[in-house]
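Structure first, commentary second.
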Amino acid sequence: MVVDLTCDPSSAALPETGAPTPVWVAIGASAGGLDALQQLIIGLLPTGRQGYIVAQHMAGGVHAERLRQLLSHHSAMPVRVAADGDAPQVDEILLIPGGCHAVWQAGALHLLPPSEHYFSTPSVDALFASLAALPRGQACGIVLSGSGSDGAEGCKTLRQAGHTVLVQQPAEARFQGMPEAAMAARGAQVLSLADMTRWLQGPRLTDRPALNHPAPSASPEEEALARLLPAIAQFTQVDFGGYKVDTLLRRLAKRQRETAEPDLPRYVAWALGQPQELWLLQQRFLVSVSSFFRDRTAFEALAAAWSAQASTTPWRCWVPACATGEEAYTLAMLREAGVAAGRWSADFELLASDLNKEALAVARHACYAATALREMPVDYRDRWFLPATTQQEVWRVHEQLRSRVHFEQADLLHKVAPGPWDLISCRNLLIYLKAECQDRLIRAFHAQLKPDGLLFISPSETLGQAAMNLFVPVDMGHRIFRKVLR
Ligand SMILES: C[S@@+](CC[C@H](N)C(=O)[O-])C[C@H]1O[C@@H](n2cnc3c(N)ncnc32)[C@H](O)[C@@H]1O
0 MVVDLTCDPS
10 SAALPETGAP
20 TPVWVAIGAS
30 AGGLDALQQL
40 IIGLLPTGRQ
50 GYIVAQHMAG
60 GVHAERLRQL
70 LSHHSAMPVR
80 VAADGDAPQV
90 DEILLIPGGC
100 HAVWQAGALH
110 LLPPSEHYFS
120 TPSVDALFAS
130 LAALPRGQAC
140 GIVLSGSGSD
150 GAEGCKTLRQ
160 AGHTVLVQQP
170 AEARFQGMPE
180 AAMAARGAQV
190 LSLADMTRWL
200 QGPRLTDRPA
210 LNHPAPSASP
220 EEEALARLLP
230 AIAQFTQVDF
240 GGYKVDTLLR
250 RLAKRQRETA
260 EPDLPRYVAW
270 ALGQPQELWL
280 LQQRFLVSVS
290 SFFRDRTAFE
300 ALAAAWSAQA
310 STTPWRCWVP
320 ACATGEEAYT
330 LAMLREAGVA
340 AGRWSADFEL
350 LASDLNKEAL
360 AVARHACYAA
370 TALREMPVDY
380 RDRWFLPATT
390 QQEVWRVHEQ
400 LRSRVHFEQA
410 DLLHKVAPGP
420 WDLISCRNLL
430 IYLKAECQDR
440 LIRAFHAQLK
450 PDGLLFISPS
460 ETLGQAAMNL
470 FVPVDMGHRI
480 FRKVLR
């Protein structure tokens, strides 16, 4: 069964309203900056939502045209040298000429003569500070290779105003002074040039989760999380903006305890430069653990509820957060038991999806430790599992049952599998999500169920006020609900 996951529950809620508000990306660089600029720019494509202003330290105006030519060879966007009063354009790179400073004011760049207040021209600090006056999230400051500390003050000002700051990884920069000084701004993202390019090409900067812009009153732990989440999203494509912060903080604290680093800011600074650590945090945040017949009586109650459903074939079930597969195989075994007893037609389909590729690989392989089968009725084990090792420490799901379940990777918060489904079994995921995401999902489930479709969640989860008129409880104790037609 191949199911195209194309129905986006969020699209109806958020209609597009014309062109997006542009984000103005200011790039500051000095010694070693030309190489870095070329590498960064080569991967940037027009997005229709960002414009770039470059402040590269130069000795005099004569170099600006040469820089324009050098960057133009690497750029998919036009590169232009700014004149006083020029309005920067989206999908364009504007260079500040040497020998002067530039500040943003009322949508235009104003060129100012050198002043003793700023040591280098064009001053990165002066440009960043002027952009900080833009509405929150509409400016982004980038600091690339350079000696000295120009840009550090500007980064702080940008961050305090809720804007994004990206800093080239010092280890990668030819001159570390400017990146190292800029990293002191709380909430600055330290990235390689390749990741910076990906970051800029990714979702609109203004659409990033609010966590990217922590409120000034955020605790040090929340600040730490706010620095890590965008980097995790960057490396793993998993965005945890919709997950409960408290749960993420607990998992982060646990992971930090496991490392030898007791100081949180130092742990964060280290983790930001370690893709492996970011991947591991993502795995910890997803918690892809499961078990067979988790809450056994609830599964028995569910099988009883199936008998009351109208018998349309095929009977179709979706498990949207299946982790390592145990829940989906449990449902398949129960369904097969009813088929064998002559209660239901053998025509049924089971789709199981999850965000976590690694967990899905386990699910597809379908080998489980003997200890994982301990709670399972023994007749099920004998019918549906074969020992995979001579000592019987590992058992594999029988091929016939494996062929019943189709596994697919999907991010439930972006796409839901199109129905109609007789059953959606979504257990132990809602509990990790913020209320608004839970609500959005439950509405999406309602839309994808058959008229008498069932929703099965876990005993530690509830449907909440918003869903009360969408479902009626079939068995409240076991969290089995039936769709209400509206
Ligand atoms: C605790 S496990 C639940 C496993 C299984 N449903 C059970 O109850 O035994 C939660 C699963 O939700 C998955 N998950 C988290 N966010 C998701 C998302 N946005 N889309 C799809 N799966 C997600 C995780 O990868 C993890 O495997």
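At position 401 of the sequence shown (counting the first as 1) the number is 400 in numbering that gives the first Met the number 0, and the numbers step up by one without a gap.
Just so you know, even glycine gets a beta-carbon here, dropped at the ideal spot from N, CA and C.
Any idea what DSSP makes of residue 205, helix, strand or coil?
Residue numbering aside, residue 205 sits at position 206 when the sequence shown is read from its first letter. At residue 205 the pLDDT is 49, less than 50, meaning the model places this residue with poor confidence; the figure from the coordinates comes in the next sentence. Of the three classes helix, strand and coil, the one that applies to residue 205 here is helix, per DSSP.
Per DSSP, cross-strand counterpart(s) of residue 50
Taking the first residue of the sequence shown as position 1, residue 50 is located at position 51. Paired residues: 23.
Could you check which residue in 333, 472, 357, 67 has the C-alpha nearest to that of residue 348?
One-based indexing of the sequence shown puts residue 348 at position 349. It is 333.
May I ask you to report which of helix, strand or coil DSSP gives residue 348?
Position 349 of the sequence shown holds residue 348. Here residue 348 sits in strand by DSSP.
CA-CA distance, residue 260 and residue 361?
The residue you call residue 260 lines up with position 261 of the sequence shown. The residue you call residue 361 lines up with position 362 of the sequence shown. Residue 260 and residue 361: Cα-Cα distance of roughly 31 angstroms.
Does the region 287 to 305 come close enough to the region 438 to 450 to have 3 or more Cβ pairs within less than 8 angstroms?
no
So what does DSSP say about residue 392, is it helix, strand or coil?
On the sequence shown, position 393 is the one that residue 392 refers to. Note: residue 392 maps to coil in three-state DSSP.
According to DSSP, is residue 111 part of a helix, a strand, or is it coil?
In the sequence shown, counting from the first residue as 1, residue 111 sits at position 112. In this structure, residue 111 counts as strand in the three-state DSSP scheme.
I need the straight-line Cα distance from residue 193 to residue 427, nearest angstrom please.
Along the sequence shown, one-based indexing puts residue 193 at 194. Along the sequence shown, one-based indexing puts residue 427 at 428. Approximately 36 angstroms, taken between the alpha carbons.
Can you check the region 167 to 247 for any alpha helix (DSSP H) of at least 4 residues that lies completely inside it and give the ranges in chain order?
176 to 181, 192 to 200, 219 to 235
Can you tell me the Cα-Cα spacing of residue 243 and residue 437, whole angstroms?
Counting from one through the sequence shown, the residue named residue 243 turns up at place 244. Counting from one through the sequence shown, the residue named residue 437 turns up at place 438. If you take the alpha carbons of residue 243 and residue 437, they lie about 11 angstroms apart.
Secondary structure at residue 253, three-state DSSP: helix, strand or coil?
Locating residue 253 in the sequence shown gives position 254, counting from the first residue. Residue 253 falls in the helix class under three-state DSSP.
Residue 147 to residue 179 span [Cα, whole Å]:
Locating residue 147 in the sequence shown gives position 148, counting from the first residue. Locating residue 179 in the sequence shown gives position 180, counting from the first residue. Cα to Cα, residue 147 sits roughly 9 angstroms from residue 179.
Helix, strand or coil for residue 328, going by three-state DSSP, please let me know.
Start at 1 with the first residue of the sequence shown, and residue 328 comes out as number 329. Three-state DSSP puts residue 328 in a helix.
Are the beta-carbon atoms of residue 392 and residue 368 separated by less than 8 angstroms?
The residue labelled residue 392 in the question sits at position 393 within the sequence shown. The residue labelled residue 368 in the question sits at position 369 within the sequence shown. Closer than 8 angstroms, so yes.
To the nearest whole angstrom, what separates the beta carbons of residue 240 and residue 248, a pair I think is in contact under 8 angstroms?
Residue numbering aside, residue 240 sits at position 241 when the sequence shown is read from its first letter. Residue numbering aside, residue 248 sits at position 249 when the sequence shown is read from its first letter. Between residue 248 and residue 240 the Cβ distance is about 14 angstroms, and since that is not below 8 angstroms, they are no contact.
So, is residue 103 buried or exposed, given that buried needs 16 or more other C-beta atoms within 10 angstroms?
What you label residue 103 is simply residue 104 of the sequence shown in a count that begins at 1. Buried, since its Cβ has 16 or more Cβ neighbours within 10 Å.
From the DSSP output, in three-state form, read off residue 127 for me.
By 1-based counting over the sequence shown, the position of residue 127 is 128. Three-state DSSP puts residue 127 in a helix.
In this structure, does DSSP put residue 421 in helix, strand or coil?
To locate residue 421, count along the sequence shown from 1; it is residue 422. If DSSP states are grouped into helix, strand and coil, residue 421 belongs with the strands.
Taking the beta carbon of residue 57 as the centre, do at least 16 other beta carbons fall within 10 Å, making it buried, or is it exposed?
In the sequence shown, counting from the first residue as 1, residue 57 sits at position 58. Classification of residue 57: buried, given that the 10 Å Cβ count is 16 or more.
Hey, would you say residue 488 sits closer than 8 angstroms to residue 117, going by beta carbons?
The structure shown does not extend to residue 488, since the chain is modelled only from 0 through 485, so no value can be given for it.
Would you call residue 65 buried or exposed, if buried means 16 or more other Cβ atoms sit within 10 Å of its Cβ?
Working through the sequence shown from its first residue, we reach residue 65 at position 66. It is exposed - the Cβ of residue 65 has fewer than 16 other Cβ atoms within 10 Å.
Among 144, 252, 398, 410, which one has its Cα closest to the Cα of residue 356?
Working through the sequence shown from its first residue, we reach residue 356 at position 357. The option with the nearest alpha carbon to residue 356 is 410.
Would residue 384 and residue 397 be called neighbours here (beta carbons separated by less than 8 angstroms)?
Walking along the sequence shown from the start, residue 384 turns up at place 385. Walking along the sequence shown from the start, residue 397 turns up at place 398. Taking 8 angstroms as the Cβ cut-off, residue 384 and residue 397 qualify as a contacting pair.
Out of 98, 141, 55, 114, which one is the CA nearest neighbour of residue 493?
The requested residue 493 is not part of the displayed model; the chain covers only 0 to 485.
Rounded to the nearest angstrom, what separates residue 473 and residue 327 at their Cα positions?
Taking the sequence shown and counting its residues from 1, the one referred to as residue 473 is at position 474. Taking the sequence shown and counting its residues from 1, the one referred to as residue 327 is at position 328. The straight-line gap from Cα to Cα measures roughly 21 angstroms.
What residue does the alpha helix (DSSP H) around residue 535 start on, and which one ends it?
As shown, the chain starts at 0 and ends at 485. That puts residue 535 outside it, with no answer to give.
Can you check whether the CB of residue 26 is closer than 8 angstroms to the CB of residue 486?
The requested residue 486 does not occur in the structure, where the chain is confined to residues 0 to 485.
DSSP three-state call for residue 472: helix, strand or coil?
As a first step, residue 472 must be located in the sequence shown, where it is residue number 473. Residue 472 falls in the strand class under three-state DSSP.
Backbone CA spacing between residue 476 and residue 458 [nearest angstrom]:
Walking along the sequence shown from the start, residue 476 turns up at place 477. Walking along the sequence shown from the start, residue 458 turns up at place 459. Each residue's Cα considered, the two are about 7 angstroms apart.
Going by other Cβ atoms of all chains shown within 10 Å of its Cβ, with 16 needed for buried, is residue 435 buried or exposed?
Stepping through the sequence shown from its first residue, residue 435 is reached at position 436. So residue 435 ends up on the exposed side.
Name the two residues that bound the continuous beta strand (DSSP E) containing residue 286.
As a position in the sequence shown, residue 286 is number 287, starting the count at 1. Per DSSP, residue 286 belongs to no beta strand (DSSP E) and is neither H nor E.
Below 7 angstroms, is the gap between the Cβ of residue 460 and the nearest heavy atom of ligand 1?
Here residue 460 refers to the residue found at position 461 of the sequence shown. False, no ligand heavy atom lies under 7 angstroms from that Cβ.
Following a CB-centred definition, is residue 412 positioned closer than 7 angstroms to any heavy atom of ligand 1?
Stepping through the sequence shown from its first residue, residue 412 is reached at position 413. Answer for residue 412: yes, Cβ within range of ligand 1.
With distances taken between CB atoms, is the gap from residue 158 to residue 166 smaller than 8 angstroms?
Locating residue 158 in the sequence shown gives position 159, where the first residue counts as 1. Locating residue 166 in the sequence shown gives position 167, where the first residue counts as 1. Against a cut-off of 8 angstroms, the Cβ pair of residue 166 and residue 158 comes out as no contact.
If you measure between the beta carbons of residue 52 and residue 73, is that distance less than 8 angstroms?
Position 53 of the sequence shown, counting from 1, holds the residue named residue 52. Position 74 of the sequence shown, counting from 1, holds the residue named residue 73. Cβ atoms of residue 52 and residue 73: not closer than 8 angstroms.
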